[in-house]
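Let me begin by presenting the structure, written as structure tokens, before commenting on it.
Number of protein chains: 2
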Amino acid sequence: MRARAYAPAHITGFFEICEHSDQRQMGSRGCGFTLQAGVTTEVSIEEGEGISVIINGTKTDAPTTRSVVRRLASEYFVEVRSRIDVPIGCGFGASGAGALSTALALSNALSLDLSYNGAAGVAHVAEVENKTGLGDVIAQTHGGMVIRRKPGAPGIGEVDRIPVSDVEVNHVVLGEISTKDVLEDEKVRGCINRAGRTALNGLLKRPTIQNFMQLSNQFAIDTGLMSDAVANIIESVKSAGGTASMAMLGEVVFAIGGYDSLKDFGPVRTYKISHDGARLL
Amino acid sequence: MRARAYAPAHITGFFEICEHSDQRQMGSRGCGFTLQAGVTTEVSIEEGEGISVIINGTKTDAPTTRSVVRRLASEYFVEVRSRIDVPIGCGFGASGAGALSTALALSNALSLDLSYNGAAGVAHVAEVENKTGLGDVIAQTHGGMVIRRKPGAPGIGEVDRIPVSDVEVNHVVLGEISTKDVLEDEKVRGCINRAGRTALNGLLKRPTIQNFMQLSNQFAIDTGLMSDAVANIIESVKSAGGTASMAMLGEVVFAIGGYDSLKDFGPVRTYKISHDGARLL
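Here the protein sequences come in this chain order: B and Z.
Heads up, the first sequence is in my numbering, so the first residue is 8 and it goes up one at a time.
Heads up, the second sequence is in my numbering, so the first residue is 8 and it goes up one at a time.
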């Protein structure tokens, strides 16, 4: 039994951590955007037991995707093959997209007949459990420029979206940040929650992409998550008339405009914001 | 000032009318799917007063779209030009798609900075007010195979979706049905609500496209909305190994498979189910 599914990458600009003892209700509030790039997953299911996860041709640990497989297909041998066309571990929501595409594909291959919210709920819980993300899955389920008004898994959390046309976003990747390390640091969490709440309140008053870029930038500064190197690149984009901020959580600058100034700092990847979310292939 | 937006067509398979004194909370529960075809709207705004709606090149009354313009741009002269590439008045949700694309375009052109839910809320209320639809706008805002679990405008109503890949749906159009006439007939409403509730309960237990097709068919029979001509076509598709039902509300058969048997009854239009909803262009 085989099936294929796709989930878009997702970049968060700012967020607030919302604790809850129920993992489906735990999550984040905030805002980000999905990309016309992400994770394509094929699952193959055979008699037996065990899990093999192969990402871009290499056997990988992928704990979040493994959690999904254990929940949905523990009585089989499952091979998960994902092609990820965004950087991994850099705030592009690759773990959420891997988990979500795996959940959708497994439900289809095994005729589990899960709805979107059903499949995405499993992926969301896997992310929370493994501390790899809090709000990527609900955004990746919907697609677009998603405002997470209330935290939680799809069907529990509440979203709105900012209307955008085909916007191109430029990215420069400096390195990884461990989501787990940040989520486990008590002091950083406090800063994130204060700044995240302020940013979301500001965005709800004026839900535009320009306001999102500005509030994200302020959030990255106020939380102390912005490194000097990132600040330097953002400044350079601004000088060139663009707007930029930092992906949460990755040592990554995303920018609207400012392509030429970004080139000085490394290879520039350009993706369009996607309008649609995860789907079966 | 000009702006353009698109909203997909939407076909409902079954529904339940949910009354409420607040038009944003009034709506329907049920299930349907959006198509990779729909309404593209350009709005042009000038000094002055008045509304001109031009659909496929012809000046048209379009009361639902006019309601949207009155709400968002009453102090201007507004020209709305829509290209509708599905049949009008036949259960393809053209009025909802026209209203939704107009609301998104107006918000953008006038920098009203409405979110998706904000713009779609205006379109939903316009539909309810004019009795042209109850659940199309929320489905068209999300896109895909949308289960409307709780009624209302986007942000108030609650949806889930059935995961589907690129499914082709074949259509034969026999004629129009007035949504207003059906919504105003007390006796028909009773039948719709009983049958709609049963169908939705059945779908939530097993949210698959096959189950949706079957439950829609049963709904069309139980409500008495299915004409002999439609029943005849559906039977013919079934004999050929396909599944089919009737669009709510139009004298229209939609079918998965059965293309050759449909051809005997008129020109067949084939659209894919869309994964994405309305958007700015």
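Glycine included, each C-beta is placed from N, C-alpha and C at the ideal position.
For the stretch 131 to 147 of chain Z, the set of residues with a beta-carbon nearer than 9 Å to any beta-carbon of chain B is empty. Listed along chain Z, the residues sitting closer than 7 Å to Ala126(B) by beta-carbon distance are Pro170.
Per DSSP, Cys38(Z) is one residue of the beta strand (DSSP E) stretching across 34 to 53. Going by beta carbons, Gly45(Z) and Asp92(Z) fall inside the 8 Å limit.
Using a Cβ-Cβ distance cut-off of 8 Å, the stretch 266 to 283 of chain B and the stretch 24 to 37 of chain Z are not in contact, since fewer than three pairs of beta carbons, one from each stretch, lie closer than that value. Only exposed fits Asp192(Z), as fewer than 16 other CB atoms lie within 10 angstroms of its CB. Note: Pro161(Z) is bridge-paired with Gly164(Z) in the DSSP secondary-structure output. Taken in chain order, the whole beta strand (DSSP E) runs of length 3 or more contained in the stretch 168 to 247 of chain B are 175 to 183. Distance from the CA atom of Ser234(B) to the CA atom of Glu258(B), rounded to whole angstroms, is 8 Å. The beta carbon of Thr19(B) sits closer than 6 Å to the beta carbons of Gly37, Gly39, Met255 from its chain, once the five residues preceding and following it are set aside; these are given in chain order. Rounded to whole angstroms, the Cβ separation of His282(Z) and Arg286(B) is 5 Å, and the two are in contact under 8 Å. Annotation for Ala14(Z): the continuous beta strand (DSSP E) segment containing it runs 9 to 25. If you draw a straight line from the Cα of Ala110(B) to the Cα of Tyr123(Z), it is about 27 Å long.
Contacts with chain Z at 8 Å (Cβ-Cβ) do not include Ile91(B). The continuous beta strand (DSSP E) containing Gly57(Z) extends over residues 57 to 62.
In the three-state reduction of the DSSP assignment, Val144(Z) falls in the helix class, which pools H, G and I. With respect to chain Z, the C-beta atom of His282(B) has a partner C-beta closer than 8 Å.
For Leu287(Z), the nearest beta carbon of chain B is closer than 8 Å to its own beta carbon.
Among the CB atoms of chain B, one or more fall inside 8 Å of the CB of Ile154(Z). The Cβ atoms of Tyr13(B) and Leu288(B) sit closer than 8 Å to each other. Val129(B): member of the alpha helix (DSSP H) spanning 123 to 137, first to last residue.
Per DSSP, the beta-bridge partners of Ser252(Z) are Phe261(Z).
Against Arg213(Z), the close residues of chain B are Asp120, in the order they occur along the chain (beta-carbon pairs closer than 7 Å). Pairing Arg156(B) with Gln225(B), the inter-Cα distance amounts to about 19 Å. Checking the DSSP bridge columns, you'll see Val87(B) partnered with Val50(B), Val60(B). Contacts with chain B (Cβ-Cβ distance below 7 Å) from the stretch 192 to 213 of chain Z involve Arg213, listed in chain order. Under the Cβ distance rule, Leu269(Z) does not count among the residues neighbouring chain B, no pair being separated by less than 8 Å.
When C-alpha distances from Ala130(Z) are compared across Ser118(Z), Asp120(Z), Gln147(Z), the shortest belongs to Gln147(Z). At a cut-off of 8 Å, the C-beta of Gly162(B) has a neighbouring C-beta in chain Z. DSSP, reduced to helix, strand and coil, places Val275(Z) within a strand of the structure shown.
For the set Ala106(B), Ala202(B), Asp173(B), Gly98(B), the Cα lying nearest the Cα of Ser74(B) is the one of Ala106(B). Taking the Cβ atoms as the reference, Asn177(Z) lies roughly 5 Å from Tyr266(Z), within the contact range of under 8 Å. For Thr72(B), DSSP assigns no beta-bridge partner whatsoever. Around the beta-carbon of Ser185(Z), fewer than 16 other beta-carbon atoms lie within 10 Å, marking it exposed. According to the DSSP secondary-structure assignment, Leu287(B) is paired through a beta bridge with Ala12(B). Collapsing the DSSP output to three states places Thr67(Z) in coil.
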